[in-house]
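Structure record follows, encoded as structure tokens.
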Amino acid sequence: MEARLDVFTTPRDELTWLKMRHRALAVANRFADRDHTCLICKQGAESMLHLAECGMIYALYWSDFFAMAEEAGLPTPTMQNRTLFIALGIKDKQHKANEELIGIFSIAWRCLYAEITRSRVENAPFKLENAKKRSFCMIYNIGAEGLRESVQGLL
1204 MEARLDVFTT
1214 PRDELTWLKM
1224 RHRALAVANR
1234 FADRDHTCLI
1244 CKQGAESMLH
1254 LAECGMIYAL
1264 YWSDFFAMAE
1274 EAGLPTPTMQ
1284 NRTLFIALGI
1294 KDKQHKANEE
1304 LIGIFSIAWR
1314 CLYAEITRSR
1324 VENAPFKLEN
1334 AKKRSFCMIY
1344 NIGAEGLRES
1354 VQGLL
């Protein structure tokens, strides 16, 4: 799964998810002097796994990216395999995920992590909607095959 995803992402787009897969994201639970509470659900500890498993993040964020991919006709993981895909980019144990789907989620991870970082660094309110809009705009602007129309319905 370490192959270059040159479909429509850049190395910068891919970096956050690569760090996630290698357990190298600087999330709140890695710092003793920070509040570890998830900025979205306000219940769990913000960890790399929590960002992939949190039901509220899924409902308010990840589900829209799966909907976009399905609208564009891309194969998506089953509901039971979605957390695995969000965390590691694996569709299921036997199948590699579609490169366009990986591109979508690379951008989604980049924008989610950027918003979490902005909120913590600036000590400002976290705005999940900003991460989602930024992701949709990036995907729309690159004109990814078949995704532009799907994004228009979500903007």
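Just so we're aligned: 1318 in our numbering is position 115 of the sequence shown, and the numbers increase by one with no gaps anywhere. We put the CB at the ideal spot given by N, CA and C, even for glycine.
- Distances from the alpha-carbon of Trp1220 to those of Lys1335, Thr1240 and Leu1254 put Leu1254 closest.
- Of all alpha-carbon atoms in Arg1321, Glu1303 and Thr1320, the one lying nearest the alpha-carbon of Thr1213 is that of Glu1303.
- In the structure shown, the three-state DSSP call for Thr1240 is strand.
- Annotated as proximal: Ser1322 and Leu1242, with beta-carbon spacing under 8 Å.
- Bounds of the alpha helix (DSSP H) holding Phe1269 are Ser1266 to Glu1274.
- Taking Asn1344 as reference, the option from Thr1320, Glu1332, Ile1307 and Phe1329 with the minimal CA-CA separation is Ile1307.
- Leaving aside the five residues that flank Ala1248 on each side, the residues in its chain whose CB is nearer than 6 Å to its CB run, in chain order, Asn1232 and His1239.
- Going by DSSP, Phe1308 is part of the alpha helix (DSSP H) stretching over Glu1302 to Val1324.
- By the 16-neighbour rule on beta-carbons within 10 angstroms, Phe1269 is buried.
- At a Cβ-Cβ threshold of 8 Å, Thr1279 and Glu1273 count as neighbours.
- Distance from the CA atom of Ala1327 to the CA atom of Asn1284, rounded to whole angstroms, is 34 Å.
- Residue range Leu1331 to Asn1344 is occupied by the alpha helix (DSSP H) that includes Ile1342.
- Residue burial annotation: Ala1300 is buried, with at least 16 other C-beta atoms found within 10 angstroms of its C-beta.
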